[in-house]
Amino acid sequence: QFEALQDELERRREECIQLRTVLANRAHDLRSLTQTSYGKDVDILNEDGELALAYQTQKQINRQLEEELKTEKSRHRETESEYKGELERLRRDNERQQKLLSQNLTKGEGFNPEALLQSEIMRLTSENLNLQGQVDSLTEQLKKYKRSLKAYAKKLKEAGGGDPPDLLDVAATNEGEVMPVIRKKERDYMGMFEYDRREEMQIIRVLIYELKPRVAVTFLPGLPAYILFMCIRHTDHINDDEKVRSLLNNIVNGVKRVIKKRHEDLDSTVLWLSNVLRLLHNLKQYSGDKAFQAENTGKQNEQSLKNFDLSEYRQVLSDIAVWIYNGVIKLMEEKVQPLIVPSILEHEAIAGLSGNKPGGMR
Numbered sequence: 001q002f003e004a005l006q007d008e009l010e011r012r013r014e015e016c017i018q019l020r021t022v023l024a025n026r027a028h029d030l031r032s033l034t035q036t037s038y039g040k041d042v043d044i045l046n047e048d049g050e051l052a053l054a055y056q057t058q059k060q061i062n063r064q065l066e067e068e069l070k071t072e073k074s075r076h077r078e079t080e081s082e083y084k085g086e087l088e089r090l091r092r093d094n095e096r097q098q099k100l101l102s103q104n105l106t107k108g109e110g111f112n113p114e115a116l117l118q119s120e121i122m123r124l125t126s127e128n129l130n131l132q133g134q135v136d137s138l139t140e141q142l143k144k145y146k147r148s149l150k151a152y153a154k155k156l157k158e159a160g161g162g163d164p165p166d167l168l169d170v171a172a173t174n175e176g177e178v179m180p181v182i183r184k185k186e187r188d189y190m191g192m193f194e195y196d197r198r199e200e201m202q203i204i205r206v207l208i209y210e211l212k213p214r215v216a217v218t219f220l221p222g223l224p225a226y227i228l229f230m231c232i233r234h235t236d237h238i239n240d241d242e243k244v245r246s247l248l249n250n251i252v253n254g255v256k257r258v259i260k261k262r263h264e265d266l267d268s269t270v271l272w273l274s275n276v277l278r279l280l281h282n283l284k285q286y287s288g289d290k291a292f293q294a295e296n297t298g299k300q301n302e303q304s305l306k307n308f309d310l311s312e313y314r315q316v317l318s319d320i321a322v323w324i325y326n327g328v329i330k331l332m333e334e335k336v337q338p339l340i341v342p343s344i345l346e347h348e349a350i351a352g353l354s355g356n357k358p359g360g361m362r
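If you read the sequence shown in our numbering, its first letter stands for residue 1, the second for the next number, and so on.
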């Protein structure tokens, strides 16, 4: 997008330069034509007022070109100001996302998932406000078009053309569709994801089976793990042991199936290593065990699991994380191994570093 803005600015500059060149060429051509046609004969030059007429015509042309140039410059400045504002907004949003990401990477297990959710809510709220502004602007334009349509319809009727029923019907139909937006008040979210038992496999399919690394990098870090943990929290909230057992078993089996299927894809294995660890850390942090509540806030402790002890599943997830980690190390070894021998053969020792060794040691 930034490159497109730069191209647009460059095109505007070229248009301004071309207009200035046209002005200079017109003046030069007029002087050349005068000297060629009349030479130094002043009487012939002023005969019939041709020079005055040509001068006035050239002045009008120059004035028109100057007005066009001023209009183009003004439009260019407005466009540049809009682009700069958009770039500044994108820069601030990028800094906010980078700050949030750095907090996630530094805090580890003690990181608060509510901060991620709150950030996403703020971003969506900002986008909704921008969209609402666009809707209001389009609504005003629609009203102007309706008034123009009614005026033209009235003129057409006075001219004996009859009513244009199609256009009027469309305007009446669209008028009923433009309704005020209902804004909801702020509320305190519980951090749970309610779902029906029949939707369980669809959740697993979307979040695990069909999730590609190139799509996951566009999400907030660990978003699939957070969503799965929100589902677990809801099953704990309603105290449905069959539902939580089924969900956790499907999560474990789904991750195993994906890793076995894509065990040669480093991006996929790293993706699920990070998400399994994130889910494991969340289960520890909100387990209710005192050992994992040292850095929790009061609200986080209130949101701990109330009805289930998932320590056995935590051990299963830990084993899966170790299994995936070993697979990642193996993949990296396979990628690095072919590079080791050529690197050693092409290695050049830095003079002076090996000079202190005894002569017999190599």
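Cβ coordinates follow ideal geometry from the N, Cα and C atoms, glycine included.
- E295 and P213 have their alpha carbons spaced roughly 31 Å apart.
- Contact between E15 and E72 holds, since their C-beta atoms are separated by about 6 Å, short of 8 Å.
- Between I324 and T269 the beta-carbon gap is near 6 Å, inside 8 Å, which marks them as a contact.
- Taking one beta carbon from each stretch, the region 310-325 and the region 240-253 have 3 or more pairs nearer than 8 Å; the two touch.
- Around the CB of D196, fewer than 16 other CB atoms lie within 10 Å, so the residue is classed as exposed.
- The beta carbons of F219 and L279 sit no closer together than 8 Å.
- Annotation: E80 to E86 spans about 10 Å, alpha carbon to alpha carbon.
- The region 253-268 makes no contact with the region 281-288: fewer than 3 CB pairs, one atom from each, lie closer than 8 Å.
- Straight across, the Cα-Cα distance linking G327 with I320 is about 11 Å.
- A contact is defined here as three or more CB-CB pairs under 8 Å, and the region 291-310 fails this definition with respect to the region 252-262.
- Looking at the backbone, the Cα of N301 and that of N239 are separated by about 18 Å.
- The Cβ-Cβ distance between N62 and L23 falls below 8 Å.
- Taken through DSSP and simplified to helix, strand or coil, P213 comes out as helix.
- Comparing alpha carbon positions, the residue from Y83, Q60 and Y55 closest to L9 is Y83.
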